[in-house]
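Below is one structure, written out as structure tokens; the observations come after it.
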Amino acid sequence: MILFFTKGSVDSDKFVLFCYNHYRDLIGDESLPAQVRILREEGSKPRFDTDEAHFNLSHSGGVVMLGISHAPIGVDIEKMREIDFKKFSFIDAESEEEFFEKWTERESYLKWTGEGLRALKCDIPDGAHFEHFPVYDGYHACVCAEEQNIRAYDIDPSAIE
Amino acid sequence: MLLDKVRGLIAEQMGLPVDQVKAESRFIEDLGADSLDLVEMLMTVESEWGLLIDDDDMKRFTTVESVVNYIAEKTE
């Protein structure tokens, strides 16, 4: 899996397609389609028009996080902020730090399954695998996916035309 | 008026000037909301209007007016 982060205003679709090309180069797999399209279907998360690669995107506070992998993934990034976390009864946390850790896990899980917020309070199975990335100060980022090698890159938003 | 009350609530949640929050504003694309903003906003709606939002309804809330319509439906 490759994670791409950028700080700034970018067109989401352009960012995804730009990073897909990077992903294809970095993975070095020429059997991956040279061109992909983003499909959006009612009730499903956006995806590529191929089963060879999967992506998931998250935005928060001016930062974008994108994950691309050979298998389905879910990503979530959140800008940390003051929050009355006790009112989120379905998240057991003693501190804001712990809340953001568990919130990003939950969100990335819901994005992995594609259920989204309609399963907000579901039980997260024990087998779900998460990795956290303290990529920028003041942000929490998490990936939910089967265990795999992960590399991360910071992309200059001006590179995305 | 319901729309104005909801706009005020959302503006406060998002830290935006209220005239930037229009009925047709999309939470994610136009107002820059992330998932936490959305859930927090809906929890505030629940407590303001004494509602309990069904998980299945969560996918409806894409714009400001979708929230207004929901509240109107549930409170009439």
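Those protein sequences? They're chains A and B, same order as listed. The working numbering applies: residue 405 is where the first sequence begins, and numbers increase by one. The working numbering applies: residue 17 is where the second sequence begins, and numbers increase by one. Every residue, glycine too, gets a C-beta built ideally from N, C-alpha and C.
Residue nearest to residue i in terms of C-alpha spacing, selected from the options
i: residue 526 of chain A; options: A:510, A:443, A:485; result: A:510
i: residue 519 of chain A; options: A:428, A:449, A:417; result: A:449
i: residue 439 of chain A; options: A:502, A:447, A:446, A:456; result: A:456
i: residue 529 of chain A; options: A:554, A:514, A:540; result: A:514
i: residue 443 of chain A; options: A:521, A:421, A:433, A:535; result: A:421
i: residue 459 of chain A; options: A:425, A:500, A:491; result: A:425
i: residue 465 of chain A; options: B:35, B:92, B:47, B:91; result: B:47
Expected contact under 8 Å - CB spacing of residue i and residue j to nearest Å
i: residue 462 of chain A; j: residue 405 of chain A; result: Between residue 405 of chain A and residue 462 of chain A the Cβ distance is about 14 Å, and since that is not below 8 Å, they are no contact.
i: residue 61 of chain B; j: residue 524 of chain A; result: With a Cβ gap of about 14 Å, residue 61 of chain B and residue 524 of chain A do not count as contacting.
i: residue 407 of chain A; j: residue 469 of chain A; result: 7 Å
i: residue 29 of chain B; j: residue 53 of chain B; result: 6 Å
Enclosing alpha helix (DSSP H) for residue i [first to last residue]
i: residue 47 of chain B; result: It is not in any alpha helix (DSSP H) - residue 47 of chain B carries neither H nor E in the DSSP assignment.
i: residue 553 of chain A; result: Counting along the chain, residue 553 of chain A falls outside any alpha helix (DSSP H), and DSSP gives it neither H nor E.
Helix, strand or coil at residue i [DSSP, three-state]
i: residue 492 of chain A; result: coil
i: residue 67 of chain B; result: coil
i: residue 522 of chain A; result: helix
i: residue 566 of chain A; result: Summary: the structure shown does not reach residue 566 of chain A, with chain A confined to residues 405 through 565, and so no result is reported for it.
i: residue 419 of chain A; result: helix
i: residue 449 of chain A; result: coil
i: residue 508 of chain A; result: helix
Residue span of the beta strand (DSSP E) that contains residue i, given as start and end
i: residue 406 of chain A; result: 406-411
i: residue 19 of chain B; result: Segment 18-30 is the alpha helix (DSSP H) holding residue 19 of chain B; no beta strand (DSSP E) there.
i: residue 528 of chain A; result: Segment: none, residue 528 of chain A is in no beta strand (DSSP E) and carries neither H nor E.
i: residue 482 of chain A; result: 478-483
i: residue 462 of chain A; result: 458-464
Three Cβ pairs or more, each shorter than 8 Å: is that satisfied between the stretch 479-497 of chain A and the stretch 542-551 of chain A?
yes
Within the chosen definition, does the stretch 32-44 of chain B reach the stretch 73-86 of chain B through at least 3 CB pairs nearer than 8 Å?
Yes: the two stretches touch, three or more of their Cβ pairs being nearer than 8 Å.
So, do the stretch 550-565 of chain A and the stretch 63-78 of chain B have three or more beta carbon pairs nearer to each other than 8 Å?
No, they do not touch.
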